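Below: one structure, written as structure tokens.
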Amino acid sequence: MRHRFTSFRFLCAFTALVLAVNASVCAASTEPHPDRTRPWVKLCLSLKRTPRHRAIRCHFPSAAPAARMRRTPTISELSIPTSPSSPVGITLGPEGDLWFAENYANKIGRVTLAGVFTEYSVPTADSQPAHLTTGPDGAVWFTEANAGKIGRITGTGAFTEYALPGAGAYPWDITAGPDGNLWFTDLTGNDVGKITTSGTITEYTVPSSGAYPMRITTGPDGDLWFTEALTGGVAKVTTSGSVTEYTVPSSGAMPIGITAGPDGKLWYTDGAGKIGSVTTSGTFTEYPLSDPNSFPWGITTGPDDNLWFVEQVAGNLASSTTSGTVNEYALPNTLAGPFDITVAQDDNLWFTEDYVDKIAKAAL
């Protein structure tokens, strides 16, 4: 069997630009999976062999101490039947279940609100499914990062796969657009694209070279907004393919997750230890987190109209008001590696815990 370390070959460069602490600190800690290299370190070591990224540093911090974190939400965890699985993206499905991508196990999983799991193996081997969304056709659509494909799965587990036209594509995130299409990002192709429910694909090149378009969401203006992790930008694309880029004002910014906020702004996580908002006209506001090495990742608007996000390295669930008041809550295992987050029909927050192969629920 392929070794687990092959997951996430394109994540490490993002973290390597902002995390520069001694790796020996983390080596001394007790990992839930001791044999698993952190995905951004795996990617960093891979990229370090290329001329462009030869100078990057591949250090990473240990988890932040849990003692100083608050534990207001009630957090419970469900173990995924397959382990190792490396759950990454998560989304609310058309029938009220949570659907998630098992990046290492090469499966698409679903879990009911009562905690009953079903798993489906992706037809293409080693496809490394990443993120998912519910399409207008009632199916769940997902990216196959390592296979360069967009996948579709019905509620009965029937798959359809569509290959992207460019060689070496690495589709990462996907969302349902306002035009009835599915919109996705392509990290290495430096593209954003759309696919119709019948499988017709159109791609648009991001103006900034090497931007690494990462996460994507529909904005309140009807455009698709996405993050540019390696060029420190947040950008939008119209449904006709016109791209506008905005640069985050702070030095070393690394925008990753993005969601439409309750205040008409786009909210994003910044791997440099911040969260921020941007208006549809491109005005930024930024808020630092307590730990600059916490590495915030997935973000969503909660049922309480706060922004909720996960801190992957610190092992926290966190919230922010629209005025920037941040609270952080320790997970039961601070080395869980929380990755993505969404809201379910029960008005609870559901998120993936990549390093411990669990789906977690936070009741507010």
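The sequence shown runs -27 to -1, 1 to 337 under mature numbering (1 follows the signal peptide of the UniProt record, and there is no 0).
Think of the CB as a built atom: it goes at the ideal place given N, C-alpha and C, for glycine as much as any other residue.
Note that this is a predicted model, so its numbers are computed, not measured.
Nearest to residue i by CA position, among the options, is which residue?
i	options	result
Trp114	Gly88, Asp164, Gly141 and Ser171	Ser171
Leu304	Asn289, Lys334, Glu92 and Leu197	Asn289
residue 338	Leu86, Val210, Thr242 and Lys331	Residue 338 lies beyond the range of the chain shown here (-27 to 337); nothing can be said about it.
Thr204	Leu197, Thr211, Ser224 and Pro193	Ser224
Ser52	Arg83, Ala233, Glu176 and Leu65	Arg83
Ser292	Ile248, Gly124, Pro144 and Glu92	Ile248
Asp236	Asp243, Ala226, Thr252 and Ala245	Thr252
Pro67	Lys334, Ala317 and Asn321	Ala317
Asp278	Lys167, Thr217, Gly234 and Gly183	Gly234
Asp194	Ala118, Gly255, Trp281 and Val283	Gly255
residue 378	Pro57, Thr127, Phe257 and Asp264	What the structure shows of the chain is the stretch from -27 to 337, and residue 378 is not part of that stretch, so it cannot be assessed.
Pro54	Val216, Glu92 and Thr129	Glu92
Asp275	Leu239, Asp320 and Ile231	The question names Asp, yet the displayed sequence has Gly at residue 275. It is Asp320 whose Cα lies nearest to the Cα of Gly275.
Lys209	Ala118, Thr161, Glu259 and Gly150	Gly150
Val95	Ala131, Ala245, Pro46 and Glu218	Ala131
Glu50	Ala120, Ile81 and Val89	Val89
Gly183	Ile174, Trp198 and Asp164	Asp164
Gly246	Gln285, Gly214 and Ser213	Gln285
Phe268	Phe257, Thr258, Phe282 and Glu259	Phe282
Thr85	Thr116, Thr307, Arg188 and Trp323	Trp323
Ser181	Pro102, Ala202 and Ala142	Ala202
Thr325	Val299, Trp270 and Thr173	Trp270
Gly153	Gly111, Ile123 and Thr116	Gly111
Val207	Thr173, Leu160 and Phe257	Phe257
Leu308	Thr294, Gly297 and Asp327	Asp327
Gly214	Asn266, Trp156, Ser263 and Thr232	Trp156
Ile189	Thr45, Thr47 and Gly62	Gly62
Thr200	Thr47, Pro265 and Ile272	Ile272
Along the beta strand (DSSP E) that carries residue i, what are the first and last residues, could you check?
i	result
Met187	Pro186 to Thr191
Pro102	Pro102 to Thr107
Glu301	Val299 to Ala303
Leu239	Leu239 to Asp243
Asn119	It is not in any beta strand (DSSP E) - Asn119 carries neither H nor E in the DSSP assignment.
Leu65	Pro60 to Leu65
Thr274	Pro269 to Thr274
Pro283	First, the residue type needs correcting, since residue 283 is Val and not Pro in the sequence shown. Taken as a continuous stretch (DSSP letters only), the beta strand (DSSP E) holding Val283 covers Leu280 to Glu284.
Val165	Asp164 to Ile168
Pro144	Pro144 to Ala149
Ile53	Counting along the chain, Ile53 falls outside any beta strand (DSSP E), and DSSP gives it neither H nor E.
Asn266	Asn266 -> no beta strand (DSSP E), and no H or E assigned at all.
residue 346	The displayed coordinates of the chain run from -27 to 337. Any statement about residue 346 would go beyond what the structure contains.
Ser293	Asn289 to Ser293
Ala335	Lys331 to Ala336
Ala140	Element bounds for Ala140: n/a, residue is neither H nor E.
With a threshold of 16 other CB atoms inside 10 Å of the CB of residue i, please say whether the residue is buried or exposed.
i	result
Ser250	buried
Val179	buried
Pro60	buried
Asp196	buried
Ala(-15)	A caution first: Ala(-15) carries a pLDDT of 41, below 50, which makes its placement in the model unreliable, though a value can still be read off. When all chains shown are included, Ala(-15) counts as buried.
Thr64	buried
Asp99	exposed
Ala103	buried
Lys334	buried
Gly244	buried
Pro186	buried
Thr133	exposed
Thr217	exposed
Pro222	exposed
Ala87	exposed
Thr116	buried
What are the residues that DSSP puts in a beta bridge with residue i?
i	result
Val84	Leu71 and Phe90
Val251	Leu239 and Phe257
Leu197	Thr191 and Val210
Val113	Thr107 and Ile126
Leu155	Ala149 and Ile168
Ile314	Phe324
Ser49	Lys334
Val216	Val210
Closer than 7 Å to a non-hydrogen atom of the ligand ZN - does that hold for the CB of residue i?
i	result
Thr148	In terms of ligand content, the structure shown is empty, and the ligand ZN therefore cannot be addressed.
Cβ of residue i less than 8 Å from any chain B Cβ?
i	result
Thr158	The displayed structure is made up of one protein chain only, and chain B is not part of it.
Between the stretch 64 to 81 and the stretch 99 to 109, do at least 3 Cβ pairs fall closer than 8 Å?
Between the stretch 64 to 81 and the stretch 99 to 109 there are three or more inter-stretch CB-CB distances shorter than 8 Å, so the stretches are counted as touching.
Do the stretch 75 to 91 and the stretch 137 to 144 meet, that is, are 3 or more Cβ pairs less than 8 Å apart?
At 8 Å Cβ cutoff, the stretches do not touch.
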